[in-house]
Amino acid sequence: MSQADAGGSSPDRAVRDPATTLRCEPPAIGGFRPPGRVFNGSGTFDALAALEVFGDALLASFPFDVYVSKTITLAPRPGNPPPRIAECAIGMLNSIGLPNKGVERFLREELPRLARLPVPLCVSVMGFSRQELAELVARVGERGEVAALELNVSCPNVETGLVVGQDPAETARAVERVRPLTEKPLIVKLTPTAADQAAVARAAQAAGADAVSLVNTFPGTAFDARGSALLGPGRGGLSGPAIKPIALAQVREVATAVSLPVIGMGGICETTDAREYLAAGASFVAVGTASFRDPLAGLAIRRALAAEGQESPAKRAIV
Amino acid sequence: MSQADAGGSSPDRAVRDPATTLRCEPPAIGGFRPPGRVFNGSGTFDALAALEVFGDALLASFPFDVYVSKTITLAPRPGNPPPRIAECAIGMLNSIGLPNKGVERFLREELPRLARLPVPLCVSVMGFSRQELAELVARVGERGEVAALELNVSCPNVETGLVVGQDPAETARAVERVRPLTEKPLIVKLTPTAADQAAVARAAQAAGADAVSLVNTFPGTAFDARGSALLGPGRGGLSGPAIKPIALAQVREVATAVSLPVIGMGGICETTDAREYLAAGASFVAVGTASFRDPLAGLAIRRALAAEGQESPAKRAIV
Amino acid sequence: MGRTAAAKSGQEGPPTVRPGKSEWPRRVTAPPGRRRARVLCNRAAGRYRLIEVDDDAGPRRPTPGQFYMLASAEGWLGDDGRPWLARPFSHVRSEPLAFLIDPVGPGSRRLAALQAGQGVHLVGPLGQGFRPPATGATALLVGGGIGIAPLGALAQRLGGACEALLGFKDALAAEAAALVAARRVALATDDGSLGHHGLVTDLLARRLEAGGAFELFACGPEPMLRAVAEAARAANVPAQLAFEAPMACGFGACFGCAFETQAGWMRLCLEGPVVDARDLP
Amino acid sequence: MGRTAAAKSGQEGPPTVRPGKSEWPRRVTAPPGRRRARVLCNRAAGRYRLIEVDDDAGPRRPTPGQFYMLASAEGWLGDDGRPWLARPFSHVRSEPLAFLIDPVGPGSRRLAALQAGQGVHLVGPLGQGFRPPATGATALLVGGGIGIAPLGALAQRLGGACEALLGFKDALAAEAAALVAARRVALATDDGSLGHHGLVTDLLARRLEAGGAFELFACGPEPMLRAVAEAARAANVPAQLAFEAPMACGFGACFGCAFETQAGWMRLCLEGPVVDARDLP
Ligand SMILES: Cc1cc2nc3c(=O)[nH]c(=O)nc-3n(C[C@H](O)[C@H](O)[C@H](O)COP(=O)(O)OP(=O)(O)OC[C@H]3O[C@@H](n4cnc5c(N)ncnc54)[C@H](O)[C@@H]3O)c2cc1C
Ligand SMILES: Cc1cc2nc3c(=O)[nH]c(=O)nc-3n(C[C@H](O)[C@H](O)[C@H](O)COP(=O)(O)OP(=O)(O)OC[C@H]3O[C@@H](n4cnc5c(N)ncnc54)[C@H](O)[C@@H]3O)c2cc1C
Ligand SMILES: Cc1cc2nc3c(=O)[nH]c(=O)nc-3n(C[C@H](O)[C@H](O)[C@H](O)COP(=O)(O)O)c2cc1C
Ligand SMILES: Cc1cc2nc3c(=O)[nH]c(=O)nc-3n(C[C@H](O)[C@H](O)[C@H](O)COP(=O)(O)O)c2cc1C
Ligand code: FES
Ligand code: FES
């Protein structure tokens with residue numbers, strides 16, 4: 001592609017100055033207007049655990065403008081066999097396997113406690129069939145604590161065997177199915193392995209999604225000196241700065257293809273990284289793996305972006 | 001994917017000890033038996049330029065067992081507008097754009113000089129239509145200096161608009177078309193953005209390919225502080241250690257899908273990296289970007305792998 | 001989890017009476033975020049390095065058994081792109097906060113090379129530390145190799161009111177035993193160059209045979225810990241074991257440190273690293 | 001390419017007779033592969049750092065204008081994963097080999113911080129250096145800022161038989177002018193703190209007006225080089241200009257350093273960095 005770029009619709013270098021983006025108010029996601037631009041990546045910050053470890057001091061310096069839960073499934077999941085993580089060149093592989101208590105206990109035990117957080121909540125859900133997804137959306141969507149839902153479509157559809165997010169039609173059917181079940185905004189988290197990211201994003205938009213987020217982790221693996229995979233299930237998902245250039249290209253492609261707000265992520269560690277995503281066309285960014293290295297990595301970015309926004313003539317109040 | 005791994009055919013951690021692989025002779029690629037396991041990545045080592053710069057000393061310490069030319073097209077190409085390269089976290093983006101003199105001058109001016117190299121030659125070609133590709137294969141294949149051809153199928157087919165290597169059927173048609181035109185071994189260099197890498201590899205095998213090589217660079221981009229893309233055409237291809245975990249997963253998937261020899265590459269800098277590719281199922285490896293940092297990066301790997309092979313009971317003579 | 005799981009499984013309780021409420025909090029809350037501390041000194045301790053840091057911004061009394069996520073403030077990323085994540089280390093002493101580091105890989109080697117005056121990023125203290133021994137029981141600290149680190153902090157907190165059985169590879173490694181300030185210390189080495197020629201669990205078996213009201217506190221390689229748990233079960237004495245798992249975050253964010261107990265998988269960084277022997281599956 | 005392209009395009013030749021064969025090779029062949037050299041010293045030179053290295057394994061007399069790809073042997077990769085590739089630097093002196101480094105980004109800053117005794121990886125000498133001035137012509141060296149680096153090597157090779165016009169930001173930066181050992185040196189600064197208050201091209205215009213058989217050798221920011229080329233064309237004197245381009249490899253492998261000449265795109269690392277003004281498009 002890069003080698004030839006012949007015939008393709010090669011994007012140009014045209015400048016989308018992040019400073020200009022920041023001077024405007026962040027767009028609404030359906031009926032939800034995020035109070036700032038920094039989310040966390042789903043599954044990379046357990047706010048309840050963090051509150052236990054860091055105490056209420058965390059509330060005063062909460063690193064994100066919107067909190068996204070880890071992905072919740074209908075039934076409880078124990079997660080994958082260890083080892084579940086392996087470090088690689090400026091990034092990491094994970095094969096966590098979505099451990100969670102299932103939606104029942106999540107709604108009963110975790111959601112009320114998450115409501116203590118000083119920021120709006122977004123709940124990530126994944127269903128292994130459209131029926132499962134529908135049930136999840138209906139149940140989560142009716143809860144007052146929830147500002148928005150994120151549909152993690154990286155799972156294989158048990159009926160078709162296709163990974164939902166890899167196929168525009170599958171994605172559209174999933175979103176169409178759940179769209180009538182809630183008034184809450186729906187964010188579709190795209191799968192980075194789709195052959196045509198833009199087509200999947202357009203399908204999500206046409207089916208009624210209110211925003212798209214990307215990227216999820218890239219399938220990857222690593223081996224030790226004896227040839228044994230470093231992860232329990234043999235492979236995992238790559239995250240961290242290593243993936244940033246690829247993620248930026250995908251965000252740019254998607255942001256050009258849809259008129260929905262885009263939440264960009266992949267390797268964001270510093271404010272300059274976040275600004276690159278804004279340049280690529282994202283309206284929001286999410287901090288993932290960087291929080292593992294510094295639980296407050298998001299805070300510096302949150303503050304920097306808010307401060308830059310406030311320098312605008314139309315000053316906005318951001319906490 | 002990595003998060004769920006439900007229903008998918010998740011590869012296990014089963015050990016394929018690189019030492020065991022190395023004790024066996026490298027497999028033949030069609031009628032061609034490479035004298036060792038280390039290739040260069042096409043387009044990452046201009047042996048003629050290197051001979052000018054380093055003189056004949058380079059011949060005595062040639063870093064590869066097989067030399068692969070940069071990709072040659074039918075017509076001359078000037079390449080893309082600068083800037084053509086940008087560094088990113090432990091990797092680089094390039095948008096070189098396949099500058100080359102065209103097949104005519106390549107065969108007349110460069111091939112005879114490449115024949116001075118102490119190792120067999122493989123010529124990489126790319127056609128923007130099946131007709132172009134056929135002409136390239138016929139003309140390059142008839143030359144005695146050439147041990148094998150690599151088909152770079154990362155280009156969009158001008159008739160269908162599809163990127164050939166992203167689609168199993170397109171790939172099959174391209175290989176079927178050129179297969180009868182030469183007896184020389186054909187290596188198909190896969191595109192890393194195919195939705196189903198394994199299907200493309202199987203299609204190449206069914207159509208008569210003798211080996212597959214992967215990965216090519218991943219589409220990526222980067223922006224400066226003002227939001228301007230760091231590369232002339234707005235995006236480029238990512239290479240270097242950053243992509244290694246993703247490339248390893250693709251090599252493993254492909255090696256499981258086909259019985260052809262696999263040439264694995266992506267971020268190989270040290271012998272340990274090369275061994276990871278052997279563990280993933282590759283029979284050969286290629287050194288790309290690492291040569292930019294050290295022109296003889298390949299030599300250390302070539303020597304180490306050869307030495308390990310010679311420790312086997314059935315000692316082989318490798319230069 | 002914790003005792004609940006063991007209780008549910010109907011195992012025997014400890015032989016001595018436990019205080020209703022432990023005297024130390026098992027967990028001391030950490031300041032949120034990563035802070036920078038200055039390295040005060042770096043000196044050899046047997047085959048390991050002892051690094052003292054000036055952690056003014058951190059809590060004064062982390063619980064023995066708690067750990068910190070460490071990364072050098074500069075030059076952390078190595079030439080091959082690793083280490084990138086921080087690495088978990090138990091504190092071997094508080095006031096000043098100190099770590100005992102075995103240079104086994106890129107991250108620990110970088111930390112072991114820190115010079116006085118250089119900066120180190122730290123998050124912590126993290127995890128659940130040791131509970132104090134029940135009144136009347138003799139605290140028996142069982143350590144293997146670098147596993148003596150949290151036992152150093154424990155002996156310090158107990159004011160030396162404990163016994164230690166420590167196993168090492170050889171006499172050189174065993175020099176680090178000086179960091180465990182117990183009333184009585186018995187050593188074992190793999191090569192017999194100092195103390196008992198053999199395993200530290202041999203010493204433990206002998207000590208338990210001799211009899212008395214013991215409570216075990218162990219840290220070391222996993223097989224050693226499993227053997228200690230087995231010995232504790234057989235002798236019907238309580239045992240608290242400090243385990244290891246790969247950790248990306250240390251504060252419950254990544255779910256990477258899965259550890260199996262009777263109640264299922266748990267996050268070792270949150271519910272451990274100190275695990276009650278009776279909770280093992 | 002080189003003269004051929006210009007010749008084809010029918011431009012005027014130089015006013016003075018060129019020697020049939022240049023006295024220096026434009027390119028000195030480099031040993032293949034990256035070698036490690038020891039840093040001998042690192043000292044300030046105005047706003048830049050002068051780094052001398054002990055390059056025993058390299059050729060003794062690189063041609064002025066040739067460059068080396070440099071990377072520190074340890075601690076090259078920064079915490080954000082850059083620098084990863086080596087960086088191109090002209091030698092400012094040979095015997096001992098020395099570089100003048102302007103710390104503008106992660107790579108140059110790391111190199112500028114190298115300490116005596118530390119290692120530096122180098123590949124080189126690379127590229128086509130300057131051709132010696134034709135007999136009878138006065139070599140006029142025109143440098144801007146860090147662009148004085150290759151002119152230092154050139155003045156050294158000419159044994160001082162040249163004049164230099166050097167422009168800097170301010171007097172502090174201008175201290176580096178001492179490295180250009182020319183018979184006569186005229187300075188300009190942007191802030192007027194030393195020498196002419198203005199551009200070095202002002203000095204050049206005056207010198208050319210004064211008349212004489214000149215040959216220009218220039219290195220500096222691209223706009224300066226374009227202006228020098230223009231002045232040379234107008235005055236009908238030959239000019240050799242050392243340009244810059246982003247370089248991943250330095251030896252023709254990556255095709256990243258595309259540079260436009262009358263003959264089309266060329267690789268600046270192979271056919272440059274010294275370009276004849278008449279070959280510019
Ligand atoms: C709670 C806790 C407390 C610890 N306290 C100390 C201490 O006080 N002193 C000390 O020297 N070390 C301690 N460790 C171990 C230390 O964290 C590892 O040695 C370190 O992370 C290795 O990193 P590395 O980059 O040097 O090597 P890596 O390349 O990361 O690892 C080197 C080798 O160690 C293995 N390994 C890495 N991390 C772990 C792990 N967490 N558990 C098991 N095997 C692992 C790898 O598989 C590899 O074989 C502790 C670990 C934990 C979980
Ligand atoms: C043949 C050659 C000889 C050189 N000789 C010297 C020398 O003697 N002394 C010296 O200090 N510098 C010299 N340079 C420039 C030096 O290579 C760059 O300053 C260095 O690569 C910057 O790397 P960095 O990591 O510090 O900054 P980067 O982050 O890579 O770059 C910092 C800034 O400089 C720009 N930049 C980077 N590289 C180049 C380039 N090659 N050309 C133009 N802009 C660039 C970037 O766009 C960015 O704005 C030379 C360059 C070339 C091509
Ligand atoms: C340990 C780990 C767990 C993750 N769990 C989830 C998850 O439950 N749901 C989800 O949509 N994405 C999950 N992700 C993906 C992240 O949300 C994010 O998309 C990805 O890590 C890229 O961002 P980063 O490079 O900033 O980490 C997980 C990533 C990591 C590293
Ligand atoms: C500057 C550059 C030029 C390249 N040119 C070609 C090319 O002409 N043909 C091709 O098939 N691959 C080309 N590639 C891809 C490499 O052959 C290789 O597949 C890729 O870089 C991954 O390997 P690496 O990480 O070791 O570099 C190029 C890569 C780079 C960095
Ligand atoms: S180390 Fe991340 S959850 Fe335990
Ligand atoms: S720098 Fe690589 S070809 Fe010139």
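Chains as they are written, first to last, in the UniProt record's numbering: chain S, 1 to 319; chain Y, 1 to 319; chain B, 1 to 281; chain G, 1 to 281. Using N, Cα and C, we set each Cβ at its ideal position, and we do this for glycine too.
7 Å Cβ cutoff, residue i in contact with chain B
i: Ile90/Y; result: yes
i: Val103/S; result: no
Inter-residue spacing [alpha-carbon to alpha-carbon] between residue i and residue j
i: Cys41/B; j: Ala149/B; result: 17 Å
i: Ala225/S; j: Leu278/Y; result: 11 Å
i: Leu270/G; j: Arg179/S; result: 60 Å
i: Pro185/Y; j: Gly141/Y; result: 9 Å
i: Arg35/B; j: Glu23/B; result: 28 Å
i: Ile243/Y; j: Trp76/B; result: 21 Å
Contact set for residue i: own chain, Cβ-Cβ below 8 Å, skip 5 residues either direction
i: Gly145/B; result: Asp102, Gly167, Phe168, Lys169, Ala173, Gly220, Pro221
i: Arg267/B; result: Gly252, Phe255, Cys257, Ala258, Phe259
Supposed close pair residue i, residue j - CB separation, criterion 8 Å
i: Ser239/Y; j: Gly288/Y; result: 6 Å
i: Ile85/S; j: Ala248/B; result: 5 Å
i: Leu133/S; j: Arg177/S; result: 7 Å
i: Gly232/S; j: Phe218/S; result: 18 Å between Cβ atoms; not a contact.
Beta-carbon contacts of residue i that lie in its chain and below 7 Å, excluding the five residues immediately before and after
i: Ala231/B; result: Thr201, Leu204, Ala205, Leu208
i: Pro281/G; result: Glu260, Thr261, Gln262
i: Gln250/Y; result: Pro192, Gln197, Leu214, Val215
Chain Y contact for residue i (CB, 7 Å cutoff)
i: Thr271/S; result: no
i: Phe255/G; result: yes
i: Glu135/S; result: no
i: Pro281/G; result: no
is_contact[residue i, chain S] using C-beta, thresh 7 Å
i: Gly266/Y; result: no
i: Leu248/Y; result: yes
i: Thr221/Y; result: yes
i: Pro251/B; result: Note that residue 251/B corresponds to Phe in the displayed sequence, not to Pro. Closer than 7 Å to some Cβ of chain S, the Cβ of Phe251/B qualifies, so yes.
Residue i beta carbon near ligand 8 (any heavy atom closer than 6 Å)
i: Thr44/S; result: In the structure shown, ligand 8 is absent; the only ligands present are ligand 1, ligand 2, ligand 3, ligand 4, ligand 5 and ligand 6.
Cut-off 6 Å between Cβ atoms - residues of its own chain near residue i, not counting five sequence neighbours on either side
i: Pro32/B; result: none
i: Ser90/B; result: Phe67, Ala149, Pro150
Residue-chain proximity (residue i, chain G), Cβ-Cβ < 7 Å
i: Ala204/Y; result: no
Check your understanding: Taking Cβ-Cβ distances below 8 Å as the criterion, which residues of the region 62-79 of chain G are in contact with chain B?
Key -> Glu74, Gly75, Trp76, Leu77, Gly78, Asp79
**Study point:** Interfacial residues, the region 232-246 of chain Y to chain B, with Cβ spacing under 8 Å
**Key:** Pro241, Ala242
Review point. Closer than 7 Å, Cβ to any Cβ of chain G: which residues of the region 178-204 of chain B, in chain order?
Key: none
Review point. Closer than 9 Å, Cβ to any Cβ of chain G: which residues of the region 281-299 of chain Y, in chain order?
Key: Thr289, Ser291, Phe292, Arg293, Asp294, Pro295, Leu296, Ala297, Leu299
**Study point:** chain S contacts made by the region 92-112 of chain G, where a contact means CB separation under 9 Å
**Key:** none
**Study point:** the region 25-40 of chain G: positions lying closer than 9 Å to chain Y by Cβ
**Key:** Arg27, Thr29, Ala30, Pro31, Pro32, Gly33, Arg34
Review point. Relative to chain S, which residues along the region 81-92 of chain G have a C-beta separation below 9 Å, given in chain order?
Key: Gly81
Exercise for review: Closer than 9 Å, Cβ to Cβ, to anything on chain G: give me those residues from the region 68-85 of chain Y, in chain order.
Suggested key: Lys70, Pro78, Gly79, Asn80, Pro81, Pro82, Pro83, Arg84, Ile85
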